[in-house]
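Undergrad:
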Amino acid sequence: MHTIANGISGKCIIATDFISAGTILFTFDPAYSQNEQTYQTIQVGPNKHCLINSDLALLNHSCNPNLLVETTKGIVYTKKNVYCDEELTYFYPSTEWDMVRPFLCNCGSPACMQFIRGAYWTPLYILLDHYVNKHIADFILTEVKYASDLTTFLD
Ligand SMILES: [Zn+2]
């Protein structure tokens, strides 16, 4: 269904067949998490980062991704039909709040954000156009509550 290949940003995962929308491609155990965040972890909660020891660690980011990563169950789905030779990607800010290794994106999407640094650094109108995991939604709500507190802005 998929294989490892060398892409523009190093190793990546490529579809070897047509894969229909809603197919579960990978699973991981979100309980297998640590406090330390690295460029190879997927954030599964506040201060909880799942160390990925499978091909899943090679999934690159795209600003127009074809996969969704759901971190409470540890399931990676196709969000749309994927065709043979397409790179498999997901939207990193859907899991990462503040990334340890930000990078310049080469995804080529017209909606490319260019500098990928995590949800905290992503404009709200862009986040609202994507699926985000519950811990990211909770972080956003905390920020909004903080912004709606008058005392936050009193000098
Ligand atoms: Zn991009």
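Taken in order, the sequence shown gives residues 908 to 1062; the numbers are from the working numbering.
All residues carry an ideal CB built from backbone N, CA and C; glycine is no exception.
Between Leu995, Val989 and Thr1002, which has its C-alpha nearest Glu977's C-alpha?
TA: If we check each option's Cα against that of Glu977, Thr1002 comes out closest.
Undergrad: With three or more C-beta pairs closer than 8 Å as the rule, is the stretch 1022-1029 touching the stretch 996-1010?
TA: Flag = yes, the stretch 996-1010 and the stretch 1022-1029 touch.
Undergrad: Under 8 Å: do the stretch 961-968 and the stretch 931-947 share three or more Cβ pairs, one atom per stretch?
TA: Result yes; three or more Cβ-Cβ pairs closer than 8 Å.
Undergrad: Quick one, which of Asp1062, Thr923, Thr948 and Ala912 has its alpha-carbon nearest Trp1004's?
TA: Out of Asp1062, Thr923, Thr948 and Ala912, Thr948 has the C-alpha closest to the C-alpha of Trp1004.
Undergrad: Contact between the stretch 1033-1049 and the stretch 973-988: three or more CB pairs below 8 Å?
TA: Enough Cβ pairs lie closer than 8 Å, so yes.
Undergrad: Considering only heavy atoms of ligand 1, does any lie closer than 8 Å to the CB of His1037?
TA: Result no, Cβ not under 8 Å from ligand 1.
Undergrad: Ile926 and Thr985 look like a contact to me (Cβ under 8 Å); what is the Cβ gap, rounded to whole Å?
TA: That pair is a contact at about 5 Å.
Undergrad: Any heavy atom of ligand 1 closer than 8 Å to the CB of Gly1015?
TA: Yes; taking the cut-off as 8 Å, the Cβ of Gly1015 has a heavy atom of ligand 1 nearer than that.
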